[in-house]
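Student: Dumping the structure here so I can ask a few things about it.
Number of protein chains: 2
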Amino acid sequence: MMNKDKKTTAADARVAGRRQFLNTAALVGIGGLAACGDKPASAGAAASASASASAAAHGGAANATHLKPGELDTYYGLWSGGHTGDMRVLGLPSGREIHRIPCFVPDALVGWGITNESKKVMGTKPDGSLKYTVADTHHTHASYTDGNYDGRYAWINDKINARIARIRLDYFICDKITDLPNVQGFHGIFPDKRDPVDEKINHTTRVFCGGEFAIPLPNTGTEDGSKYRALFSCVDAESMEVRWQVLIDGNCDLVATSYDGKLAATNQYNTEMGVHYEDMMSAERDACLFFNVARVEAAVKAGKFKTIGDSKVPVVDGTQAANKDPKTALTAYVSVPKNPHGVNASPDGKYFICSGKLSPTGTVIELSRVLDWFDGKLEKLDSAIVAEVELGLGPLHTAFDDRGNAFTTLFLDSQVVKWNVDAAIKFHKGDKTAKYVIDRLDVQYQPGHLNASHSETKAADGKYLAVGCKFSKDRFLPVGPLHPENEQFIDISGEKMVLLADHPVRGEPHDFIIFKRELVHPKQIYALDDFPLATKDPKDSGVVRNGKKVTVRMTSQAPAFSLREFKLKKGDEVTLILTNLDKVEDLTHGFAIPKYNVNFIVNPQETASVSFIADKPGVFWCYCTHFCHALHLEMRTRMIVEG
Amino acid sequence: MMNKDKKTTAADARVAGRRQFLNTAALVGIGGLAACGDKPASAGAAASASASASAAAHGGAANATHLKPGELDTYYGLWSGGHTGDMRVLGLPSGREIHRIPCFVPDALVGWGITNESKKVMGTKPDGSLKYTVADTHHTHASYTDGNYDGRYAWINDKINARIARIRLDYFICDKITDLPNVQGFHGIFPDKRDPVDEKINHTTRVFCGGEFAIPLPNTGTEDGSKYRALFSCVDAESMEVRWQVLIDGNCDLVATSYDGKLAATNQYNTEMGVHYEDMMSAERDACLFFNVARVEAAVKAGKFKTIGDSKVPVVDGTQAANKDPKTALTAYVSVPKNPHGVNASPDGKYFICSGKLSPTGTVIELSRVLDWFDGKLEKLDSAIVAEVELGLGPLHTAFDDRGNAFTTLFLDSQVVKWNVDAAIKFHKGDKTAKYVIDRLDVQYQPGHLNASHSETKAADGKYLAVGCKFSKDRFLPVGPLHPENEQFIDISGEKMVLLADHPVRGEPHDFIIFKRELVHPKQIYALDDFPLATKDPKDSGVVRNGKKVTVRMTSQAPAFSLREFKLKKGDEVTLILTNLDKVEDLTHGFAIPKYNVNFIVNPQETASVSFIADKPGVFWCYCTHFCHALHLEMRTRMIVEG
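Residue numbers (my numbering), protein chains in the order written: chain A, 15 to 657; chain B, 15 to 657.
Next comes the structure, spelled out in structure tokens:
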């Protein structure tokens, strides 16, 4: 059906065979998959562009990603780290990973989850141990001003434990983590871009969080799935408190927000409210669920909410049954074909686009019409859909350039399809000559998320596209049963997409954003005064005892710690505070205590502390673990614990 | 003094300024640094080669590291992960990280430290929690057959907690971790290459481990540093039991082994046995300490050992005082200038080379002469030194090509110096016309370890050199106070070294090996029968209760778990066993339980288990965390815990 205008039959056979293989592997067990061709768009239109074989596509632009030693990248990428529970920072176009920001999961390099400061951010049990040590981060998005990234914050989710973390983009550190109450499977996340009421507030003040799994509320443990519901949460961007939640039907996947601040939306699968996967895909259409943010907040203000269990967070009712009257509705459920995956806002501010996943379609929803419906000016909500066109098998996520084109991943076809939004709207209106599909590019293999440089901002620049492929199979040297995933980097500046590079990545990163390096201004040295526990003068170092409670104060200046040795008694409850007085950029020290499970770093002018019980007598050589000086190996202090 | 034949004075000034800056930053506090020129080699010889500025060096070979999408690397690299406590696997020449093998530190991606199987390898406290969650890996080396890597095993150290881990190179997993008794600061590590007695055993059977920090033995906590000693340990390559230990003077840094299996050695700083850094560098010469492996093992067999504390490991006396008679000595302390760093075996099997660190020299020790000394044929042990030549400031580690050349990192000069070993020997013998320095390359910045492809094997091929630079400073986009380190990749196939690429890396990786991809044959699917707990038929899934002890058996086949739901009672002691029955390569599933801090993966045909107390009542959606199928999001099972 596809690839009609390919030149050689050999290539035809190869591509067809590849697709056959991919579909066989990936479709096992999908009884309810919508067949190609039963949707408004004709197969002919979708097939008008040729599939470009990746080997051929890699042409003169190949070296665009290779920087000479010392050359700097021009873009940053913020990447969700997947199950490593952190945020990855990439330099692009090289694709080099230049940092990992620990968030939800301990990080033995920096001592995240070891120091008292990081444990406070992560959250502890009553016994002082960490509440959680696993996470599943999916989506990351950054704060906006005037429709573009402003370099203040980024946020990232933990799906397993329903937590949201905030990243400060001055120091590239996580400073807050919030638990979403009564939520299981927190999935999509998106900051707002403008205040829905006060137009003057033209920057991010809220972050929206989609709850995926429906559960009993409160979680009584009932088996009756029809009583389960999910919650959509709004978190304050500054305080990181949960402002409000909305009770909803269906399971949230991704989240998008409008540039005018008035609408947030989440695409939903399992509006059937099934508890087994075949039930979850029984309906032909699911939903893109819109929230009228101003009305939700007015309802909260008016006291029209309940609370659930121990949580004090106001919860308003956003179920379909409670929101039938457009004039008072808090929510609007626009229908979208079968288990949609992904909702993305076009950079012109006009549309949200949902992908069909189990339907081969992309659905374009015009935001002004959704607002019209809320205003009682549009009779049928679904007439907000201005296009629903066939894109290929397994459409998931969509990115944009600055020339009206969209790029959608096709999981089953293992392709990225480039299509023109205006042409799709024309085609949907009835102009069957409108060729909306512009190009197709095979990717390796089975793409999930993709994103383009500044795609989700008004400053979309149509330069680079990154695609997270879920399987790498044969693309890298074999390393045992666990394969890396394959993030591919694509030049989208021309008519045809050009595959530039394959980058292996540990599972399971998902979403990411790409922006120009000028937008952030990182600080490379901390301010001593920002740390209340700082020891500013090495002379103030020493051991202070208060019964069994002992405080050890120390400073580091290459190649020595201010204390040559310090003495404790067995059973002491020790808090050790280390201040790095070195001021040279990049001059980080580490501090490890053998057998005491302590290792952490102090960056220039940083102070960090650890607490432990001195339960093992003996001599323990605490040493600097972060190379700092020619005498780094000799940089030690003796902890002597008297038995 | 250096750079005499550089063409432009502008370049001269720039390089001089750069060196001035580097030295000022890195030398602060080194009172005892040996000045350039007070060693046997003259400054003139060292200055005979020009410093090649990195920008100029990056010429036509620049794209050698850029692979087209889908092209495979030709070399593997095994890299110590530093404080992330794992082993990194790189593909080279691209420098892409294709895997991380969890060892000493929990890994939330694979569930290392979460599953019962991984906890057994890592070691737990009596309460079942992990003994350690931090580590400091430095050195990694692989098993040998006939003087070259054989693709069976690699080993890696944890300096903080004195642990050694073994990696299986068929599945790229860690299968054993051993605690070294009575050791603090386990640093260098090297497998033997041949049996010292039975010549027919021409492969690795032992791994040698250098103990760095001297402590009271047993660790009484005495303050008197003169009573502290370190231990050098031998671990059995197969059983991973500690075979024996040697009590020694000084602090071990790196370890090297001879191709004939007869000698192991460690370079030593602080033979002064100081406890403060200025004492540690007071002596003008320290040592390269050789072990006569056969004699040590004969002494153990003869019962000439003691044990320390609770440990049953035999400890023989290798101190200088106890080993003055060459004919019976177990050890030989060859003198090496001031706090040497690094000892490396030349691929021709003839020499060990130590670097001076605080002395600008490289010391070449001829192994046949050390054996002569043990045989009573060499009067003065130090006449085993056949060269001691000036290389530059802060020499640390040495790698080799297949043409008789050595490459040594100069930490303070921030260079790699290429020098010819035979020419150095000639120069040392008195031929002052012998120009042993062939080339110098500035690196960015302050290099520690370096290694070349197959450098530490008989198959050294002189193709690629990687250098771990401890500071990246301005080489990558800024990411806050914690900079990545900079691993640089260099072409050494020609006369001049050519810098190919900068690769950022999380601190603090150290040592690594590079070898041809043909040498390993990874398996990509597990064998079901290798897991005693495997559930081979989905029909055998279910919940088996024995009082409060509950076993849950489950299988995974995309897109479903064999149990749709399973019921527990609050307080149950649960062991959940999951077998992945999918056989397709790369088809890994994950299993997360919200709020229960459980997430782990099962690769194709793998079985893993977790144990937990069902202490929270309610409905918990356990879900597949590793993308597997178009219906991945729908792949869930309900854990219902009755209150």
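Where is the CB? At the ideal position from N, CA and C, for every residue including glycine.
Chain B partners of A:K371, CB-CB under 8 Å?
Tutor: A644
Student: Closer than 8 Å, CB to CB, is B:E532 near chain A or not?
Tutor: no
Student: Compute the beta-carbon to beta-carbon distance between B:T192 and B:I170, rounded to the nearest angstrom, for a pair I have assumed lies under 8 Å.
Tutor: At roughly 12 Å, the Cβ-Cβ gap does not stay under 8 Å, so B:T192 and B:I170 are not in contact.
Student: Apply the 10 Å Cβ neighbour rule to B:P546 and answer buried if 16 or more other Cβ atoms are within range, or exposed otherwise.
Tutor: exposed
Student: Tell me whether the beta-carbon of B:V598 lies closer than 8 Å to the beta-carbon of B:S570.
Tutor: no
Student: Let me know if A:A69 comes out buried or exposed under the rule of 16 or more other beta-carbons within 10 Å of its beta-carbon.
Tutor: Any reading at A:A69 must be qualified, since the residue scores a pLDDT of 38, below 50, and its modelled position is unreliable; the value itself is stated next. Exposed, since its Cβ has fewer than 16 Cβ neighbours within 10 Å.
Student: In chain order, what residues of the same chain lie with their CB nearer than 7 Å to the CB of A:V658, ignoring the 5 residues before and after it?
Tutor: Residue 658 of chain A cannot be examined here, being either before or after the span of chain A that is shown, 15 to 657.
Student: Candidates A:W387, A:Y540, A:K583 and A:V624: which alpha carbon is nearest A:L595's?
Tutor: A:Y540
Student: For a minimum of 4 consecutive residues, which ranges assigned as the alpha helix (DSSP H) are wholly contained in the stretch 388-458 of chain A?
Tutor: Counting only runs of 4 or more, we get 435-443.
Student: Taking the alpha carbon of A:H355 as the reference point, which residue from A:L381, A:D525 and A:V451 has its own alpha carbon closest?
Tutor: A:D525
Student: Please list, in chain order, the chain A residues whose beta carbon lies closer than 7 Å to that of B:V289.
Tutor: Going along chain A in sequence order, the residues near B:V289 (Cβ under 7 Å) are R652.
Student: Counting only beta-carbon separations shorter than 8 Å, does B:A48 have a partner in chain A?
Tutor: Reliability fails at B:A48, whose pLDDT of 40 lies under 50, so the model's placement of it is uncertain and no value is given.
Student: Is the CB-CB distance between A:I181 and A:C188 below 8 Å?
Tutor: yes
Student: Residues in the same chain with beta-carbon distance under 7 Å from A:S62, minus the five sequence neighbours each way, listed in chain order, please.
Tutor: A caution first: A:S62 carries a pLDDT of 35, below 50, which makes its placement in the model too unreliable to give a value.
Student: Relative to chain B, which residues along the stretch 320-337 of chain A have a C-beta separation below 9 Å, given in chain order?
Tutor: none
Student: Can you list, in chain order, the residues of its chain whose CB lies under 7 Å from that of B:A304, leaving out five sequence neighbours each side?
Tutor: According to the sequence provided, residue 304 of chain B is Phe. The question's Ala does not apply to it. Correct list, in chain order: L277, A279, T345, A346, V348 and V384.
Student: Classify A:A316: buried if its beta carbon has 16 or more other beta carbons within 10 angstroms, exposed otherwise.
Tutor: exposed
Student: Can you list the beta strand (DSSP E) stretches of 3 or more residues lying completely in the stretch 108-166 of chain A, in chain order?
Tutor: 110-116 and 154-159
Student: Using 8 Å as the threshold, is the C-beta distance between A:E522 and A:H80 below it?
Tutor: no
Student: According to the Cβ coordinates, are B:C223 and B:L194 closer than 8 Å?
Tutor: yes
Student: So, with DSSP's three-state summary, where would you put B:E501?
Tutor: Shown here, B:E501 sits in a strand according to DSSP, grouped into three states.
Student: Show which residues of chain A have a CB atom less than 9 Å away from the CB atom of B:D453.
Tutor: Those do not exist, as B:D453 stays about 17 Å from chain A at its closest Cβ, beyond 9 Å.
Student: Is there at least one Cβ from chain B nearer than 8 Å to A:R28's Cβ?
Tutor: Confidence is the limiting factor: at A:R28 the pLDDT is only 41, short of 50, which leaves the residue's position unreliable, though a coordinate-based value still follows. Not one chain B Cβ lies under 8 Å of A:R28.
Student: Would you call the stretch 113-120 of chain B in contact with the stretch 139-153 of chain B, where contact means no fewer than 3 C-beta pairs closer than 8 Å?
Tutor: yes
Student: Skipping 5 residues on each side, what residues in its chain have a beta carbon closer than 6 Å to that of B:H463?
Tutor: H411, G482, H524 and D525, listed in sequence order.
Student: Look at the alpha carbon of A:L601 and the alpha carbon of A:D164, and state the distance between them as a whole number of angstroms.
Tutor: 29 Å
Student: Which chain B residues sit within Cβ distance under 7 Å of A:G105?
Tutor: F490 and L491
Student: To which residues of the same chain is B:A606 closer than 7 Å at the C-beta, ignoring the five residues directly before and after it?
Tutor: V612, N613, C636, Y637 and T639
Student: Using beta carbons (cut-off 8 Å, strictly below), is A:R110 in contact with chain B?
Tutor: Yes, because at least one Cβ of chain B sits closer than 8 Å to the Cβ of A:R110.
Student: Does B:K348 come out as helix, strand or coil in the three-state DSSP assignment?
Tutor: Note that residue 348 of chain B is Val in the sequence shown, not Lys. The answer is strand: DSSP assigns B:V348 an E or B state.
Student: Assign B:G657 to buried or exposed, taking buried as 16 or more other Cβ atoms, counted over all protein chains shown, within 10 Å of its Cβ.
Tutor: Exposed.
Student: Please say whether A:L496 and B:R531 have beta carbons closer to each other than 8 Å?
Tutor: No, Cβ-Cβ distance for B:R531 and A:L496 is not below 8 Å.
Student: Relative to the alpha-carbon of A:P374, which residue among A:K394, A:S360 and A:E402 has its alpha-carbon at the smallest distance?
Tutor: Among A:K394, A:S360 and A:E402, the Cα nearest to that of A:P374 belongs to A:E402.
Student: For a minimum of 4 consecutive residues, which ranges assigned as the alpha helix (DSSP H) are wholly contained in the stretch 315-386 of chain B?
Tutor: none
Student: Would you kindly work out how many angstroms separate the C-alpha atoms of B:S253 and B:D141, rounded to a whole number?
Tutor: Just so you know, the alpha carbons of B:S253 and B:D141 end up roughly 26 Å apart.
Student: I'd like to know whether the C-beta atoms of A:S588 and A:V564 end up nearer to each other than 8 Å.
Tutor: The identity of residue 588 of chain A in the sequence shown is Val, whereas the question assumes Ser. Closer than 8 Å, so yes.
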